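All the letters of the sequence shown, read from the start, carry residue numbers 1 to 392 under full-length UniProt numbering.
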Amino acid sequence: MPAPPATAPVLTDGTVTLRAPAAADVPGMLEAYRDPVVQRWTSLDPASGEREAHEWIAASARRWAGGRQFVWAVEAADGGRPRWAGSVDLRRDPVPSVGFLLAPWARGRGWASRALRLAADWGFDVAGFAALHWDARAGHVASWRVAHACGFRFDGVRTLALPAEGGLVDAWTAVLLPGTPVADREPATTWWPHPVLDGDGVRLRPPCAADLPRHVESCNDPDARWWSATLPVPYTDDDARRWLRAQQLEPSLGAAVTWTVADPDDDRYLAVVTLFGTDRPYTPTGAEIGYRAHPDARGRGAVSAAVRRLVAHAFTPVADGGMGRHRLQIGAAADNAASRRVAERAGFRLWGTPRGDGVHGFANEIVDDGVWYELLAGDPVPSPSGTVGGTP
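Laid out in structure tokens, this is it:
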């Protein structure tokens with residue numbers, strides 16, 4: 001394979017163009033460095049001025065010549081006029097990796113994915129990269145969306161792996177291998193939509209930071225701890241922040257979608273409800289539902305209503321904005337009467353009672369039998385009034 005060129009080649013797909021960084025890019029670069037989104041997710045210095053920007057451009061040219069890092073400016077049309085829209089780079093050290101940055105005005109148009117595809121194809125075909133690794137601070141959904149769209153496969157969470165203001169933070173990581181041209185690649189996993197679901201007196205919406213205090217209260221409640229073997233004890237604010245990041249990530253992996261059950265009047269967290277198991281290869285159109293209520297929301301029927309609303313969404317075809325499931329199940333400890341009532345009120349039918357199916361108790365010291373409920377698309381389900389109605 002021939003050696004890469006000593007200067008940045010021009011690459012284009014007709015919408016975005018990759019070219020060598022130039023002095024004319026400096027105003028756009030400085031604007032991007034000061035953007036609050038860039039400041040939140042990167043270590044770029046907002047105090048950088050024209051001198052530092054020009055030094056970075058000169059250093060980029062030297063790195064090209066050295067064959068260890070390949071930096072392009074991303075250019076796109078703004079009102080018909082070519083304009084600096086960001087940057088993308090490939091690095092050989094310490095591992096083969098990719099980085100990208102988009103100007104605030106250029107976001108939301110798919111241009112970062114276009115730029116990444118161009119750079120990745122060049123890296124594999126011309127520079128001979130054996131892999132491209134992506135990482136970002138955990139929670140940086142927008143950056144992950146770009147990599148995901150280009151076929152990167154999520155590789156996990158690395159604890160305290162990236163520097164940030166105040167110390168190290170967790171990192172999300174993913175990898176892309178050569179083979180199929182990036183322009184022809186499909187995302188490696190389904191990214192489930194996460195819509196707001198209203199109806200039946202409740203509102204289901206994506207979890208947010210404002211939910212965390214009540215989520216911590218819910219997870220430290222004695223009843224929740226008694227029935228939930230997997231909850232950390234005590235459940236801390238750090239646990240809640242990790243939980244929130246997981247809820248942002250799991251829909252992109254095709255694994256699960258979690259909604260906050262919110263009071264429709266004041267948006268207050270009442271419970272959480274999750275559809276999970278949607279990535280299980282042995283049940284490709286099945287899923288499982290789980291739920292947990294805040295102590296002051298119990299007995300109001302909010303969780304039962306939320307499960308009914310989620311069932312309707314889960315059985316709605318993908319083409320119509322749903323999740324295209326054909327079978328749903330709910331599992332509980334045999335003695336967990338409250339959880340069983342939620343399943344039964346939502347129309348689920350008992351199908352199995354496995355013995356010694358799980359543990360609960362404050363120290364997970366009680367081995368209990370389990371109960372499993374199921375509901376198929378097309379089964380009659382109760383209406384909010386409790387009468388049996390049509391399909392969900």
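Just so you know, even glycine gets a beta-carbon here, dropped at the ideal spot from N, CA and C. Only a predicted model underlies this, so the values are computations on that prediction, with no experimental measurement involved.
Item checked: Residue burial classification, Y235 (beta-carbon count within 10 angstroms, cutoff 16) -> buried
Notebook entry, point to check: So, A139 versus R245, is the Cβ gap smaller than 8 Å?
Noted result: According to the sequence as given, residue 139 is Gly; it is not Ala. Closer than 8 Å, so yes.
Margin query: Quick check on this structure: which residue in H294, R114 and V126 has the alpha carbon closest to the alpha carbon of G149?
Written below: Correcting the residue type first, residue 149 is Ala in the shown sequence and not Gly. It is R114 whose Cα lies nearest to the Cα of A149.
Checklist line | Nonlocal neighbours in the same chain, by C-beta distance under 7 Å from D125, ignoring five residues either side | finding: none
Checklist line | Sub-8 Å separation of V146 and A103 beta-carbons | finding: no
Next item on the list: Assign D89 to one of three DSSP states: helix, strand, or coil.
Entry: strand
Next item on the list: Name the residue from W144, V169 and G123 whose alpha carbon lies nearest to the alpha carbon of Q69.
Entry: G123
Margin query: Give me, in chain order, the residues of the same chain whose beta-carbon lies closer than 6 Å to that of residue 399; leave out the 5 immediate sequence neighbours on both sides.
Written below: For residue 399 there is no data in the structure shown, the boundaries of the chain being 1 and 392.
Check: What does a CB cutoff of less than 6 Å around T12 pick up in its chain, not counting 5 residues either side in sequence?
Finding: none
Note to self: Under DSSP, the beta strand (DSSP E) around L275 begins and ends at which residues?
What the structure shows: Y269 to F276
Check: Who are the Cβ neighbours of G201 in its own chain at under 8 Å, not counting the five residues just before and after it?
Finding: P264, G301, A302, A305 and P384
Item checked: H54, DSSP secondary structure in three states -> helix
Notebook entry, point to check: How is the alpha helix (DSSP H) around H194 delimited, first residue to last?
Noted result: Looking at the DSSP string, H194 is not in any alpha helix (DSSP H), and its letter there is neither H nor E.
Next item on the list: Assess, as a yes-or-no matter, whether the stretch 127-139 is touched by the stretch 92-100 under the definition of 3 or more beta carbon pairs within less than 8 Å.
Entry: yes
Notebook entry, point to check: Starting from V261 and walking both ways along the beta strand (DSSP E), at which residues does that stretch end?
Noted result: A256 to A262
Check: Cα-Cα, which of D335, R349 and A343 is closest to G356?
Finding: D335
Margin query: Count Cβ pairs between the stretch 356-376 and the stretch 320-336 that sit closer than 8 Å; are there 3 or more?
Written below: yes
Checklist line | Where G179 sits in the DSSP three-state scheme | finding: coil
Notebook entry, point to check: For W172, which residues does DSSP report across the bridge?
Noted result: A136 and V157
Item checked: Sequence-distant residues of the same chain with beta carbon closer than 6 Å to residue 456, five excluded per side -> Because the chain in this structure spans residues 1 to 392, residue 456 falls outside the shown range and cannot be described.
Notebook entry, point to check: Relative to the alpha-carbon of A120, which residue among A106, P284, D89 and T258 has its alpha-carbon at the smallest distance?
Noted result: D89
Notebook entry, point to check: By Cβ distance, which residues of its chain are closer than 6 Å to R92, with the 5 residues on each side in sequence left out?
Noted result: R68
Next item on the list: Quick one: grab the DSSP three-state call for S218.
Entry: helix
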